[in-house]
Amino acid sequence: MPSNTPEKCKKSLNIDLANKDELFDLIVNNFPIGLVILDEDERILEFNPTAEQITGFTREEIQGQKCHEVLVGIPCRLSEFKDLPPKDRVLIHSEGTIHHKDGHEIPVRYTAAPLITCNKIKGAIAVFRDVSKEKQLEQHRRVLISMFAHDLKGPLAVAGGLLNRLKSEKAGPLNDKQRSYLDAVLKEVGRVDKYIRSFLDIVRMEAGQITLSKEPCDLKTLIHDILSSVQIKASQKDIRIRLEVSSKHIPLVELDKTQFQRVILNLLDNAIKYSPESSTININIKETGHNVVLTIEDSGPGIMEEDLPYIFDPFYRANYSGDVEGCGIGLAVVKTIVEAHGGKVWVQNKKPPEHGAVFSISIPKIAAR
Ligand SMILES: Nc1ncnc2c1ncn2[C@@H]1O[C@H](COP(=O)(O)OP(=O)(O)O)[C@@H](O)[C@H]1O
Ligand SMILES: [Mg+2]
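Note that the sequence shown covers residues 225 to 593 in my numbering.
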């Protein structure tokens, strides 16, 4: 808490920045981002004024309490870190919704890390920022774009219809050149139509207007069924797709099969597009803790560091993708569908000297009944 009594202020003005404790207090009290520090029992040790402002709780109220009992929405369980392999433990960087003291929900962006010493987790630190304003602007922008996208569907349908009539030669015979031009234009119209529909699906799914029809599924079978439809494209580049399952009995997961097929198709489509000729794409399914994790590894260029935060945004394409066909909607579709299933999707690059992207999806296992 800021020191505000005259005696405290007098003392504070003589602060000795070389004194680590005083410097620590000064930083915590003035940090313009919410800060919470937990001990190894997940009890709150520190809670700075910005955190008070965002959550409505005072430091006195919250100090010493079990974090997950008061701060709903911030990763408070040290087990969340313990479940991760050591190399991924350093940071969890994500978006979430935190419950204000009065009950309303606040969208936040947070980064959390375990406090580790001698390989032992002694606590955790999380910083979080209220992103309500950004979210509102984003929502406003989405509504505008989706209205625009929706209105484009009409003229596109008319254009497609007329082109098809021309193609059927109802308006007169066509020569070979005209027919091939017409086929090319129809293909492009079809692509634009597909992008618009995918984008509108994302908006609807995020707004909860598309309900998933989930059923218990075996991921291996689902992927197996999809492979035949991408095999032709892969073989055109002499690419081999290998499916590996880490253990005999991978538990079932609840999936909307049609939507989830889109997820896998989009990821495999990218892997094939960005892989060099005669390479291998590895798909792996394994069970970890409460989840089933699927990874798709390719040997393409991977994702540049500066593109990583945006790669799942609609219409975002990295610079190098210029000459590869696409419009940047695929990964946004993947993220929306995976999150609608309560899962997570993320990407990492292979460790040098290898190169390539590794996309991972984790889906919660069906709870043991
Ligand atoms: N497997 C991959 N390897 C390298 N870059 C990728 C891969 N998958 C996606 N990307 C990058 O992410 C961007 C967004 O992907 P996506 O949304 O599927 O759009 P699109 O495939 O239409 O370009 C791509 O333009 C590309 O820059
Ligand atoms: Mg794509």
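Don't be surprised by glycine CBs; every beta carbon is placed ideally from N, CA and C.
Other residues of its chain near residue i: CB distance less than 7 Å, five sequence neighbours each side excluded
i    : result
A556 : I426, F536, D537, P538
V469 : K444, I509
K290 : E266, R267
A275 : G258, L259, V260
L424 : S370, A373, H374
A338 : With the sequence shown as reference, residue 338 is identified as Pro, and Ala is not the correct amino acid for it. The answer, listed in chain order, is L302, F305, R313, I345, A348.
Y544 : P525
K232 : none
K418 : none
Residue nearest to residue i in terms of C-alpha spacing, selected from the options
i    : options                : result
A336 : L380, I322, L259, I496 : L259
Y334 : I322, G280, K394       : I322
V487 : G524, A564, A381       : A564
L529 : I520, R403, A542       : Before going on, a small fix: residue 529 reads as Glu here, not Leu. Of I520, R403, A542, the residue nearest in Cα terms is A542.
P577 : S452, R464, Y534, P525 : P525
C551 : R365, I340, S422       : S422
I590 : G513, S392, V558, I330 : G513
K559 : K497, Y544, L491       : L491
L518 : L446, K461, K575, L532 : L446
I585 : G396, V562, E270, Q483 : V562
S404 : K391, G396, A395       : K391
G580 : V569, S503, Q363       : S503
L269 : A348, L436, A395       : A348
K574 : E549, I434, I520       : I520
V548 : K497, E304, L451       : K497
I345 : L387, D263, L489       : D263
N494 : I527, H364, G384       : I527
P533 : E319, T435, I463, P397 : E319
T435 : Q572, T482, D400, H324 : T482
L302 : A350, N238, S471       : A350
S471 : E430, V516, S437       : V516
L406 : V416, R415, G288, L387 : L387
Q363 : Q402, C342, A431, I340 : A431
I330 : N343, L250, I465, S356 : S356
Residues near residue i in its chain [Cβ-Cβ closer than 6 Å; skip 5 each side]
i    : result
R593 : Bear in mind that a pLDDT of 40 at R593, under 50, signals an unreliable position, so the number given afterwards is only what the model happens to contain. Excluding positions up to five away in sequence, the list is empty.
Presumed contact (8 Å Cβ cut-off) between residue i and residue j, rounded CB distance
i    : j    : result
P230 : N253 : At roughly 17 Å, the Cβ-Cβ gap does not stay under 8 Å, so P230 and N253 are not in contact.
L467 : I507 : 5 Å
T282 : L295 : Going by Cβ atoms, the distance from T282 to L295 rounds to 13 Å, so no, they are not a contact pair.
L380 : V332 : Contact doesn't hold; Cβ gap of about 39 Å is too wide.
I298 : F352 : 6 Å
S499 : K461 : 7 Å
P588 : G554 : Actually they are not in contact, since the Cβ atoms of P588 and G554 sit about 24 Å apart, beyond 8 Å.
D442 : L476 : 6 Å
I463 : I505 : 6 Å
V571 : V582 : 7 Å
L410 : G384 : 7 Å
Where residue i sits in the DSSP three-state scheme
i    : result
L479 : strand
E285 : helix
F271 : strand
Q433 : coil
F484 : helix
P226 : Interpretation of P226 is limited by its pLDDT of 48, a score under 50 that renders its predicted location unreliable; the figure taken from the coordinates is listed afterwards. It is coil, neither helix nor strand.
I585 : strand
H565 : coil
A395 : coil
H374 : helix
Y534 : helix
N254 : helix
G524 : coil
S502 : coil
A556 : helix
G414 : helix
N543 : helix
E304 : helix
R593 : Caution applies to R593, whose pLDDT of 40 falls short of 50 and renders its modelled position unreliable; the model cannot decide the point.
V571 : strand
P194 : With the chain represented from 225 up to 593, any question about residue 194 goes unanswered, as that position is not in the structure.
K346 : strand
P299 : coil
I369 : helix
V469 : strand
Cutoff 8 Å; reference residue i; Cβ partners in own chain excluding five residues on either side
i    : result
P226 : Residue confidence is low: P226 scores 48 on pLDDT, short of 50, so the model does not pin down where it sits. Its coordinate-derived value is still stated next. So the qualifying residues of the chain are N253, P273.
A174 : Missing from the structure shown is residue 174; the chain here goes from 225 to 593 and no further.
V454 : I465, L489, L492, D493, I496
Any chain C beta carbon closer than 8 Å to residue i
i    : result
E266 : As a matter of chain content, chain C is missing from the structure shown, which is built from one protein chain.
Under 7 Å from any heavy atom of ligand 1, by CB: list those residues in chain order, please.
-> N490, D493, N494, A495, K497, Y498, D522, G524, P525, G526, I527, D531, I535, Y540, R541, A542, Y544, S545, V548, G550, C551, G552, I553, G554, L555, A556, A581, F583
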